[in-house]
Amino acid sequence: SNSSLSTDMAAAYLNDGLDVVCINFRGCCGSPNDTLGGYHLGFTDDLKHFLKIISNLWDEDELFEKRPIYLSGFSLGANVVTKCLGELGEAALTLYNIHGAAVCGAPFDCERNIKYFESPGFN
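Going by my numbering, the first residue of the sequence shown is number 225, and it counts up by one from there.
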């Protein structure tokens with residue numbers, strides 16, 4: 225991702241000795257979405273797919289160290305992280321080794337907020 229928020233967070237995490245992966249939503253970050261599906265507030269498939277890839281690496285490659293996973297998300301990403309953790313429940317820890325998450329600005333009440341998105345001057 226090119227966003228300063230993502231790169232600044234990644235730099236801070238790297239500085240603390242963590243590995244970092246940034247998942248961009250389809251069609252974001254300057255590349256077109258050439259798939260049939262798009263993303264939305266409840267779309268957790270990409271995040272779950274990534275977690276499954278990591279889990280498979282732990283099972284298949286003894287050199288791939290099983291380290292704790294921490295998720296973070298901002299705005300739409302915060303909603304996706306929160307929803308994904310709710311969907312996974314205890315499997316977040318038992319299957320995917322997720323030990324924590326930090327979210328900021330999750331748009332929890334989209335129905336109430338849509339009037340602001342549609343108002344003049346928002347974008």
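Glycine is no exception: its CB is placed at the ideal position from the N, C-alpha and C atoms.
Rounded to whole angstroms, what's the CA-CA distance from L271 to P344? Just pull it up for me. 33 Å
Could you name the residues that DSSP lists as bridge partners for L295? A325
Assign G310 to one of three DSSP states: helix, strand, or coil.
helix
F281 to L317 span [Cα, whole Å] = According to the sequence shown, residue 281 is Leu rather than Phe. Distance between the alpha carbons of L281 and L317 is about 16 Å.
Q. Taking the alpha carbon of I277 as the point to measure from, which residue in L265, K339, V245, L260 has its own alpha carbon closest?
A. V245
**Three-state class that DSSP yields for Y340 in the structure shown** = helix
May I have the straight-line CA-CA distance separating L229 from F249, to the nearest angstrom?
15 Å
Close-in-space but distant-in-sequence residues of the same chain around A234 (CB under 7 Å, 5 per side omitted) | V244, C246
* Asked: Would you report the Cα separation of Y340 and F332, rounded to the nearest angstrom?
  -> 14 Å
Given a threshold of 16 other Cβ atoms within 10 Å of its Cβ, counted over all protein chains shown, does I322 qualify as buried or as exposed?
buried
Margin query: On the CB-based measure, 16 or more other CB atoms within 10 Å of its CB, does C308 come out buried or exposed?
Written below: buried
- Buried or exposed by the 16-neighbour rule on C-beta atoms within 10 Å, applied to Y320: buried
On the DSSP letters alone, give me the boundaries of the alpha helix (DSSP H) that Y237 sits inside.
228-239
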